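Peer 1: Residue numbers (this note's numbering), protein chains in the order written: chain A, 423 to 675; chain B, 195 to 482; chain C, 49 to 143. For glycine and all other residues, C-beta sits at the position ideal for the given N, C-alpha and C. Predicted, not measured: the structure shown is a model, and the values here were computed from it. Supplied in structure tokens, the structure appears directly below.
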Amino acid sequence: MINVGIDVGAKNIKIVIVNGQEIIAKGKVLSGFETKETVMALYDQLLGEANVTKDQINLITSTGSGRKAVDFAQKSVTEVTAAAKGATTLYPNVHCVIDVGAEEGRSIRVDSNGKIVDFALNEKCAAGAGAFIESMARALEVSIEDFGMLSLQSDREIPMNAQCAVFAESEVVSLLHSKTDKKDIAKAVNDAVASRITSMTRKVGFENDIELIGGMAKNTGFINALKKGLDSEIIVPENAEYVTAFGAAIYND
Amino acid sequence: MAKEFWRWKEYNWKSETIDWKDGNTVSCGIDVGSVSSQAVILVDGELYAYSSMRTGSDSPMSATNAMNWALEDTGMTQDNVHYVVGTGYGRVNVPFANKTITEIACHARGANLMYGNTVRTILDMGGQDCKAIRCDEKGKVTNFLMNDKCAAGTGRGMEVFADLLSIPIEDVGELSFQVDEEPPPVSSTCVVFAKTEATGLLREGWPKNKVIAAYCSAMSHRVVTLLQRIGVESDFVITGGIGKNVGIVRRLSQELGFETLKTNYDSQIAGALGAALFGRALAEKARN
Amino acid sequence: MIANFGYKDGSGDFYISIDTDKCNGCGDCIPACPVGLLQIRENEYDPMADDNMVVVLEEHRKKIKYSCAPCKNEGKDSILPCVKVCLPNAITHSW
């Protein structure tokens with residue numbers, strides 16, 4: 423059975439096409455402002471890559487904060503449901519899923535059957551999401567890709583006083599003016615976001631069974647800070663940012 | 195360098211009618227905010243001179259500059275001032291202060307003089323914070339809260355929008371009323387997310403005025419929910435830089451159902467004025 | 049006077065309120081808080097008075113949602129330690 427999962431995030435749209443539980447095509451594109459057209463274009467491209475036609479598709483399931491724009495999806499699930507499904511299908515022993523995207527962060531606790539027991543969300547404030555890192559990377563004039571590696575090079579602890587992304591940007595600029603190393607600032611930024619995610623994750627509970635998914639899983643410095651904060655190992659799947667779309671694609675049962 | 199739409203003007207003022215040499219007590223209040231600094235000089239409790247400037251990266255220097263600018267053309271020097279009170283976010287950085295007092299107390303005391311002793315609720319919207327204060331007829335604080343954690347509901351949030359839309363900050367208020375009808379407020383509280391939302395609205399073809407109206411409306415609503423924690427009782431006043439933005443003031447009054455009191459004083463000097471009033475009281479207390 | 053320490057951000061209201069008219073200055077709340085975020089200080093909000101009051105330390109005011117999280121996670125029905133030891137009921141949390 424060939425199914426499709428479409429995850430319309432605040433920053434990127436991710437689409438996964440599966441045959442059973444096997445991914446046969448995946449792709450992402452910036453969300454932009456014409457969501458529906460953007461989704462259609464990517465979908466058509468992936469169908470070509472997977473060498474399947476629209477008639478062969480059994481079910482299209484949408485998820486993500488912008489999922490309403492995908493009006494051709496037959497089904498729609500929340501990000502929490504899709505994230506938990508995708509993450510526990512990949513790693514059945516995982517009982518705590520942390521999903522950090524551009525504008526949202528969430529910690530989800532699931533039981534041994536993959537059923538959601540509890541979850542905590544931050545979706546209203548940039549301080550606990552990728553957007554915070556993005557603003558600071560811009561102030562540091564470092565690409566998002568290099569930001570994680572840069573922060574790994576530092577072993578200093580410098581405090582960040584500002585919590586708000588807008589105020590933190592000014593703080594980063596003044597740290598730069600006072601000749602603080604970029605790598606130390608990058609680490610402080612990752613530590614700050616990680617401490618917020620840590621507190622949210624403690625709320626739902628975990629026992630060395632954590633999986634991190636979402637776009638922030640590409641930030642190695644953040645992963646490190648999170649491991650330290652939670653004092654636990656963390657599984658980071660390959661293609662971590664596609665896990666929610668994958669979860670939507672295989673949700674049909 | 196790109197034009198900076200968020201920049202506002204600096205200014206100073208001095209009384210034409212008071213001669214400071216006739217006074218018994220000359221007191222000075224200096225409010226070093228995160229964005230702007232004010233110095234107020236009182237002669238026996240009467241407003242004699244003041245200044246308002248941008249706070250530089252060096253707070254002690256900003257305090258000195260504000261003081262010197264207020265003293266400009268008065269013939270007075272720092273030695274003629276009996277008592278200096280520092281207040282505001284950078285109050286510990288006023289090197290010549292005799293005492294520092296929290297801005298909450300100073301705003302309440304200043305508003306009591308500026309607007310009269312019927313004032314019971316003060317909303318101060320500064321560059322990087324928002325304070326809601328209840329006080330009694332003496333200007334003594336009875337309830338307060340301060341929000342300096344989040345940029346939403348602060349001058350900084352408005353500056354971010356002025357820059358995004360290339361609207362000079364002084365014009366935001368007037369322009370926000372030049373719309374066919376009041377748009378729904380921007381739905382995100384967070385300034386970072388609101389900015390993304392606004393960019394989307396512009397792409398949809400919303401004119402700039404409509405977008406700034408939607409942001410003014412969101413900001414007013416946010417401040418109303420902040421005020422609900424301490425409760426609003428008339429008379430109600432708004433001080434601080436945002437007090438000059440009619441786009442916020444009018445929408446706030448409408449949502450609260452309270453008119454704001456007007457004053458002939460500059461609403462931005464409330465903190466420094468309160469500090470100077472405390473300075474006078476403390477100088478006289480020390481003398482007795 | 050009611051002093052509200054904390055903040056409101058996009059995710060909610062996080063304030064610790066101290067009623068200075070009820071607070072008797074006993075200081076029992078200070079060791080009760082495992083994070084150490086309370087302190088007795090001179091009343092900075094009334095410069096002409098000579099009384100002391102309990103305040104939330106500055107470094108916690110912008111992050112009390114996180115500072116208080118360990119006690120809040122104990123269980124939804126348990127009473128917070130700072131609230132429990134305060135006999136005059138001068139301390140309240142908004143969340």
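On a CA-only basis, which of B:Gly441, B:Gly437, B:Asp365 and B:Ile361 is nearest Ala412 (chain B)? Give me that one, please.
Peer 2: It is B:Gly441.
Peer 1: For Ala561 (chain A), go through chain B and note every residue whose CB falls closer than 7 Å to its CB, in chain order.
Peer 2: None at all; the shortest Cβ gap to chain B is about 13 Å.
Peer 1: Would you say Asn544 (chain A) faces chain C, with C-beta separation under 8 Å as the test?
Peer 2: For Asn544 (chain A), the answer is yes, since a Cβ of chain C falls inside 8 Å of its Cβ.
Peer 1: On a CA-only basis, which of A:Ile635, A:Thr620 and A:Val564 is nearest Asp606 (chain A)? Give me that one, please.
Peer 2: With distances taken between Cα atoms, Asp606 (chain A) lies closest to A:Val564.
Peer 1: Sort B:Val386, B:Lys404, B:Gly227 and B:Thr296 by Cα distance to Gly250 (chain B) and report the nearest one.
Peer 2: Comparing Cα positions, the closest option is B:Gly227.
Peer 1: Using alpha carbons as the reference points, say which of A:Lys490, A:Met622 and A:Pro659 lies closest to Gly637 (chain A).
Peer 2: Closest by alpha carbon: A:Pro659.
Peer 1: Please confirm whether Ala477 (chain B) has its beta-carbon closer than 8 Å to some beta-carbon of chain E.
Peer 2: Given the protein chain composition of this structure (A, B and C), no chain E is represented.
Peer 1: Closest to Asp98 (chain C) by C-alpha separation, out of C:Gly73, C:Pro118, C:Asp61 and C:Cys116, would be which residue?
Peer 2: Comparing Cα-Cα distances from Asp98 (chain C) to each of C:Gly73, C:Pro118, C:Asp61 and C:Cys116, the minimum goes to C:Gly73.
Peer 1: Quick check on Asp323 (chain B): buried or exposed, where buried means 16 or more other Cβ atoms within 10 Å of its Cβ?
Peer 2: Buried, by the Cβ-count rule.
Peer 1: Exposed or buried, Gln585 (chain A), counting other C-beta atoms within 10 Å across all chains shown (16 or more means buried)?
Peer 2: Buried is the call here.
Peer 1: For Arg618 (chain A), would you say it is in contact with chain C, using Cβ-to-Cβ distances shorter than 8 Å as the test?
Peer 2: True, the Cβ-Cβ gap to chain C drops below 8 Å.
Peer 1: For Cys547 (chain A), which of helix, strand or coil comes out of DSSP?
Peer 2: Correct three-state label for Cys547 (chain A): coil.
Peer 1: Return helix, strand or coil for Leu135 (chain C), following the three-state DSSP convention.
Peer 2: Leu135 (chain C) falls in the coil class under three-state DSSP.
Peer 1: Taking the alpha-carbon positions, what's the Gly442 (chain A) to Phe668 (chain A) distance?
Peer 2: Using only the alpha carbons, I get a separation of about 11 Å.
Peer 1: Suppose only complete runs of 3+ residues qualify. What are the beta strand (DSSP E) ranges in the region 557-638 of chain A, listed by chain order?
Peer 2: List check, beta strand (DSSP E) in window: 632-635.
Peer 1: Would you call the CB atoms of Gly536 (chain A) and Thr510 (chain A) closer than 8 Å?
Peer 2: Yes, they are a contact pair.
Peer 1: By how many angstroms is the C-alpha of Gly465 (chain B) removed from the C-alpha of Val438 (chain A)?
Peer 2: Rounded to whole angstroms, Val438 (chain A) to Gly465 (chain B) spans 58 Å at the Cα level.
Peer 1: Taking the C-alpha atoms as reference points, what is the distance between Ser360 (chain B) and Pro129 (chain C)?
Peer 2: Near 51 Å, if we compare the C-alpha coordinates of Pro129 (chain C) and Ser360 (chain B).
Peer 1: Which whole-angstrom value describes the C-beta separation of Met622 (chain A) and Ala506 (chain A), a residue pair presumed to lie in contact below a C-beta threshold of 8 Å?
Peer 2: Not confirmed; about 15 Å, so no contact.
Peer 1: Per the DSSP calculation, Met247 (chain B) is bridged to which residue(s)?
Peer 2: Met247 (chain B) is bridged to B:Ser231.
Peer 1: With distance defined between alpha-carbon atoms, name the residue in C:Lys56, C:Val103, C:Pro95 and C:His141 nearest to Ile127 (chain C).
Peer 2: Of the candidates C:Lys56, C:Val103, C:Pro95 and C:His141, the one whose C-alpha sits nearest the C-alpha of Ile127 (chain C) is C:His141.
Peer 1: Have a look at the DSSP bridge pairing and note the partners of Asp318 (chain B).
Peer 2: Answer by DSSP bridge pairing, in chain order: B:Lys325 and B:Thr433.
Peer 1: Could you tell me which whole beta strand (DSSP E) segments of length 3 or greater appear in the region 447-535 of chain A?
Peer 2: Whole beta strand (DSSP E) segments, 3+ residues: 479-485, 518-522 and 527-532.
Peer 1: Should Phe554 (chain A) and Val615 (chain A) be called a contact, given that it needs their Cβ atoms to be closer than 8 Å?
Peer 2: Yes. Within cutoff.
Peer 1: If I'm right that Asn137 (chain C) touches Arg423 (chain B) with Cβ under 8 Å, what's the distance once you round it to whole angstroms?
Peer 2: About 18 Å; that fails the 8 Å criterion.
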